[in-house]
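Enquirer:
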Amino acid sequence: MTSQETAEPVHVLVWAEHVEDQSNPAVREIYPATMHETIAEALRRILRPDVPATTATFHDPHQGLDADRLNATDVLIWWSHLIDDRIDDEAAERVRHRVLDGMGLIVLHSGSLSKAFRGLMGTRCTFM
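Residue numbering for the sequence shown is 30 to 157, as defined by our numbering.
#1: Got a sec, what are the start and stop residues for the alpha helix (DSSP H) V41 sits in?
#2: To the nearest angstrom, how far is it from the Cα of E70 to the Cα of D114?
#3: Where do the ends of the alpha helix (DSSP H) carrying A69 lie?
#4: Please classify T155 as buried or exposed, where buried requires at least 16 other C-beta atoms within 10 Å of its C-beta.
#5: Can you look up I59 in the DSSP assignment and give me helix, strand or coil?
#6: If you follow the beta strand (DSSP E) that G133 is part of, which residue opens it and which one closes it?
#7: Report all residues from its chain with a CB closer than 7 Å to the CB of G140; omit the five preceding and five following residues, and keep chain order.
#8: Can you find at least 3 beta carbon pairs, one from the segment 65–83 and one from the segment 126–134, that sit closer than 8 Å?
#9: Quick one, which of L99, K144, G148, T152 has its alpha-carbon nearest R127's?
#10: How many angstroms separate the CA atom of V124 from the CA atom of H47?
#11: State the DSSP-derived secondary structure class of S141, mapped to helix, strand or coil.
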């Protein structure tokens, strides 16, 4: 048996605001299955079939970032752009604590301006 066959699956959560793909027809045309589901589906195809890639959005209960979901996540892929300021401080803090506890974090697009990422970096993370 190879180490890949015996390894525990990596639980990936793709989180997104889910704003532009609802409100912008051009974005909906490019990502008819939503941005977050497109990313998760690509991961499902590329990675081993037993790698769970799930999705959550700002519109889910607890903004998709409740403690149980984060505790079951090995890698969080974060996509944000427009509503970083609307993420609850508590949700951002839960993400920060999980990353410091070992959860992987991949920040996409303008997620570098998110509360969670800025909290981890200890700066405003502005471009100017």
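Positions of the beta carbon are idealized from the N, C-alpha and C atoms, including for glycine.
Expert: Taking the geometry as given:
#1: No alpha helix (DSSP H) holds V41; the beta strand (DSSP E) holding it covers 41–45.
#2: 28 Å
#3: 64–75
#4: With fewer than 16 other Cβ atoms inside 10 Å of its own Cβ, T155 counts as exposed.
#5: helix
#6: 133–138
#7: W107, W108, S109, F146
#8: no
#9: L99
#10: 18 Å
#11: Here DSSP, grouped into helix, strand and coil, assigns S141 to helix.
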